[in-house]
Amino acid sequence: MIDLTLLDQLPRVLMSLVLVLLAALISRWQQVDLEKQMLVAVARAFVQLTLIGYALNIIFAADNPLTILLILSVMTAIASYTSGQRGKGTPQAWRVAGLSITFGAALTLGLLVGLGVFDFTAQQIIPIAGMVIGNSMNVCSLVMRRMREEVNGRRLEIETALALGATGRQAARPYLKMALQSGMMPIVDSTKTVGLIQLPGAMTGMILAGASPMEAVQLQMIVMYMLIGAAALTGLAAAWLSYRQFLTPDHQLVEF
Amino acid sequence: MSDQLNGRPHFAIQNLSLSRQGKLVLQEISCHVASGEIVGLLGPSGSGKSSLLRCLNRLTPPPPQTIFLEGQDITGLDVLRLRRQVGMVFQRVALFPGTVADNIAYGPGLRGETVSSAEIERLLALADLPPELAGRDSQELSGGQAQRVALARSLATSPSAMLLDEPTSALDPAATRNVEATLLKLRQSLGLTILWVTHDPEQARRVADRVYLLVDGRIADEGEPEELLRADSQHLTALFAAGELGGRQT
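For the record, the sequence lines run as chains X and V.
The numbering used here numbers the first residue of the first sequence as 1 and each following residue consecutively.
The numbering used here numbers the first residue of the second sequence as 1001 and each following residue consecutively.
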């Protein structure tokens, strides 16, 4: 079943292990004690990436919409679980994360396909979805964490506002804004400096694979713009859903 | 109970028990505050004074049929309206970013109402603050000024009652006396009903018409402060004032 001819680049991969060997030597010499973990990491990367490579090969060949949706669901589930773990301390963290990431990613991907930017084929959607969902996951974690920290650190301000007759939403608004900002800032910043400091991964990959720089640049623009959109949508949902975990419908601040 | 209802209490609390995070913090509290009365809530820290106060404007949800504002169960009232009718001043003051005037206009502003500068001056005057303060940055005030601004901010929604949670415990003695005088004056001029949490028996003696002593979430003593605090009285409040109640706590 495993078609070894697909690993035709194996000699190059093996040669690049020289660098890992170098790192291991440095680690031992400086007593950083990371050699074992490095070995595990290298082995895991090899196995995981090889498997996903074969899997994608099969999926791209089949190109079945139901399979694509199933894969997107699994990706979203893993991202939600990871972000939910990070968001611990927020009541119902996994639910907030799941809904936010699903909302942000589904709307972004839906728009991209609906507007004809990408086709709904496995080869286009799965790599794009990986970027969108991964980015949404990070944004969601950041927003949930910031929201929790703000609410925790600003109990007095929030309760003062509530005592003056503010709704939960009015009392939480300044902190909602800060949480959303902290979630969106990284992608906005990296979009601002893209091309000036480093060439992003997708673009680097395309150029290495032989695409023309202009082709690569145009795809990169699409990628950055879609990631901003996904960050805003996911961040908004995460901020909104998590503030509602802290303030009751009767405008009381929950103890946690 | 019938006694209290005949006396038209502003607040009537009947058999209120409250658990927070699995711990019973208030046990079968029954008490009342008459209209225009200043009632002191005394007690050691952790005795449930603040918890009781927070129930009265539903910052902490009380069980239904336990707290009545002018005869109405507060759990049946619109909570935002309740909080405009029952102002609250906290021990630590949180002023919002902006000017003093911005802070005072906050409550009415929540409902889209604007507050005229004449009204701001009137509210500042009620809190014994000069009109020039209106334009000052809220973060540049002394502790006493900040607490007065918080008071003026609460008064902006025209409450009929105020809940004070140790409003002077962060202030020096002179500022404390001044804030006390302001509040006593407000009771006279606006007819405010005041529930005043304090851990200081002397303050209760200075300001309160009546005092409840809370110990371990229960009302342990009740009466006029002069009577309760007389050194030769057998009241628990006198023991508390003498520092002899703390030992029983632990």
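Ideal Cβ placement from N, Cα and C applies to all residues, glycine included.
Open item on the list: Quick check on this structure: which residue in X:T102, X:F246, X:R12 and X:R95 has the alpha carbon closest to the alpha carbon of G130 (chain X)?
Closed with: Of the residues X:T102, X:F246, X:R12 and X:R95, the one whose Cα lies closest to the Cα of G130 (chain X) is X:T102.
TODO: Scan the region 149-166 of chain X for residues whose Cβ lies nearer than 7 angstroms to a Cβ of chain V and list them as they occur along the chain.
DONE: If the cut-off is 7 angstroms between Cβ atoms, the region 149-166 of chain X has L156, E157, E159, T160, L162, A163, L164, G165 and A166 near chain V.
Open item on the list: So, for V1093 (chain V): in the same chain, excluding its five sequence neighbours on each side, which residues have a beta-carbon less than 7 angstroms away from its beta-carbon?
Closed with: In the same chain as V1093 (chain V), and ignoring 5 residues on each side of it, the C-beta atoms closer than 7 angstroms to its own belong to A1146, Q1147 and A1150, in chain order.
Task: Exposed unless 16 or more other CB atoms sit within 10 angstroms - verdict on T90 (chain X) - done: Burial call: buried.
Open item on the list: Distance cutoff 8 angstroms, beta carbons only. Does Q181 (chain X) sit that close to anything in chain V?
Closed with: No, its Cβ sits nowhere closer than 8 angstroms to a Cβ of chain V.
Open item on the list: Are the CB atoms of V1086 (chain V) and L1052 (chain V) within a distance shorter than 8 angstroms?
Closed with: The answer is no: Cβ separation not under 8 angstroms.
- [ ] May I ask you to report which of helix, strand or coil DSSP gives L1056 (chain V)?
- [x] Correct three-state label for L1056 (chain V): helix.
Task: Validate contact between the region 1064-1077 of chain V and the region 1229-1246 of chain V using beta carbons, cut 8 angstroms, 3 pairs - done: Judged by Cβ distances under 8 angstroms, the region 1064-1077 of chain V makes no contact with the region 1229-1246 of chain V, as fewer than three pairs qualify.
TODO: Determine which residues share a DSSP beta bridge with C1031 (chain V) and list them.
DONE: Beta-bridge annotation (DSSP): C1031 (chain V) is paired with V:I1013.
Task: is_contact[P1061 (chain V), chain X] using C-beta, thresh 8 angstroms - done: Yes, contact with chain X.
Task: contact_flag[the region 152-165 of chain X, the region 95-115 of chain X] where n(CB pairs < 8 angstroms) is 3 or more - done: Using a C-beta cut-off of 8 angstroms, the region 152-165 of chain X makes no contact with the region 95-115 of chain X, since fewer than three inter-stretch Cβ pairs fall below that distance.
Open item on the list: On the criterion of 16 or more Cβ atoms from any shown chain inside 10 Å, does E215 (chain X) qualify as buried, or is it exposed?
Closed with: The residue is exposed, with fewer than 16 neighbouring Cβ atoms inside 10 Å.
Open item on the list: Assuming F1096 (chain V) is part of the alpha helix (DSSP H), what are its boundary residues?
Closed with: Careful: F1096 (chain V) lies outside any alpha helix (DSSP H) and carries neither H nor E.
TODO: Give me the Cα-Cα distance between M26 (chain X) and S16 (chain X), rounded to the nearest whole angstrom.
DONE: Per the sequence shown, residue 26 (chain X) should be read as Ile rather than Met. Each residue's Cα considered, the two are about 16 angstroms apart.
- [ ] Can you pull the chain V residues whose beta carbon is under 7 angstroms from the beta carbon of D250 (chain X), in chain order?
- [x] In chain order: R1058, P1061 and V1079.
Open item on the list: Ignoring anything shorter than 3 residues, give me the beta strand (DSSP E) runs that lie fully in the region 1156-1181 of chain V, in order along the chain.
Closed with: Segments of the beta strand (DSSP E) lying fully in the region 1156-1181 of chain V: 1161-1165.
- [ ] Return no unless some Cβ of chain V is closer than 8 angstroms to the Cβ of Q245 (chain X).
- [x] For Q245 (chain X), no CB of chain V lies under 8 angstroms from its own CB, so it is not counted at the interface with that chain.
Open item on the list: Is the separation between the beta-carbon of P1201 (chain V) and that of L1042 (chain V) shorter than 8 angstroms?
Closed with: Against a cut-off of 8 angstroms, the Cβ pair of L1042 (chain V) and P1201 (chain V) comes out as a contact.
Task: R1230 (chain V): first and last residue of the uninterrupted alpha helix (DSSP H) it sits in - done: Run containing R1230 (chain V): none; DSSP gives neither H nor E here.
- [ ] Please report the residue range of the alpha helix (DSSP H) in which R1206 (chain V) lies.
- [x] Bounds of the alpha helix (DSSP H) holding R1206 (chain V) are P1201 to V1207.
Open item on the list: Just verifying my parser: in three-state terms, what is the DSSP assignment at R1218 (chain V)?
Closed with: Annotated three-state conformation of R1218 (chain V) is strand, per DSSP.
Open item on the list: Rounded to the nearest angstrom, what separates L179 (chain X) and V139 (chain X) at their Cα positions?
Closed with: Here residue 179 (chain X) turns out to be Ala, not Leu, going by the sequence shown. Those two C-alpha atoms are separated by around 10 angstroms.
Task: F120 (chain X) - DSSP class collapsed to helix/strand/coil - done: Note: F120 (chain X) maps to coil in three-state DSSP.
- [ ] List the residues of chain X whose Cβ lies closer than 7 angstroms to the Cβ of M1088 (chain V), in chain order.
- [x] Per Cβ cutoff of 7 angstroms: A163.
Open item on the list: Short of 7 angstroms in beta carbon distance, which residues of its chain neighbour L241 (chain X), apart from the five on each side in sequence? Order them along the chain.
Closed with: Answer for L241 (chain X): V96, L99 and S100, listed in chain order.
Open item on the list: For P1225 (chain V) and G1040 (chain V), what's the separation of their Cα atoms in angstroms?
Closed with: So the two alpha carbons sit approximately 9 angstroms from each other.
Open item on the list: For M206 (chain X), tell me which candidate among X:L196, X:L219, X:I197 and X:S136 has the shortest Cα-Cα distance.
Closed with: Checking every option, the nearest Cα to that of M206 (chain X) belongs to X:L219.
TODO: Pull up the CB-CB distance for A1208 (chain V) and W1196 (chain V), whole angstroms please, since I reckon it's below 8 angstroms.
DONE: A Cβ-Cβ distance of about 6 angstroms is found for the pair A1208 (chain V) and W1196 (chain V), placing them in contact under the 8 angstroms criterion.
Open item on the list: Between the alpha carbons of E1028 (chain V) and F1240 (chain V), how many angstroms are there, rounded?
Closed with: In this structure, the straight-line span from the alpha carbon of E1028 (chain V) to that of F1240 (chain V) is close to 21 angstroms.
Open item on the list: Judging by CA-CA distance, which residue of X:L176, X:T193, X:T248 and X:L247 is the nearest neighbour of A263 (chain X)?
Closed with: Summary: the structure shown does not reach residue 263 (chain X), with chain X confined to residues 1 through 256, and so no result is reported for it.
Task: Assigned secondary structure, M15 (chain X) (DSSP; H/G/I helix, E/B strand, else coil) - done: For M15 (chain X), the secondary structure class from DSSP, reduced to helix, strand or coil, is helix.
Open item on the list: Please tell me whether D1165 (chain V) and F1090 (chain V) are closer than 8 angstroms, where the distance is taken between their beta carbons.
Closed with: Pairing D1165 (chain V) with F1090 (chain V) gives a Cβ-Cβ distance under 8 angstroms.
Task: Cross-chain neighbours of R1177 (chain V) in chain X, by beta carbon under 9 angstroms - done: Per Cβ cutoff of 9 angstroms: no residues; R1177 (chain V) is ~25 angstroms from chain X at best.
Open item on the list: Please tell me whether Q92 (chain X) and Q245 (chain X) are closer than 8 angstroms, where the distance is taken between their beta carbons.
Closed with: Q92 (chain X) is a Cβ neighbour of Q245 (chain X), given a cutoff of 8 angstroms.
Open item on the list: I'd like to know if the region 158-178 of chain X and the region 1103-1121 of chain V are in contact, where contact means that at least 3 CB-CB pairs between them fall below 8 angstroms.
Closed with: They touch, by the three-pair rule.
Task: Nearest candidate by alpha-carbon position, reference L1163 (chain V), set V:I1038, V:L1016, V:S1030 and V:R1020 - done: Measuring from the Cα of L1163 (chain V), the nearest candidate turns out to be V:I1038.
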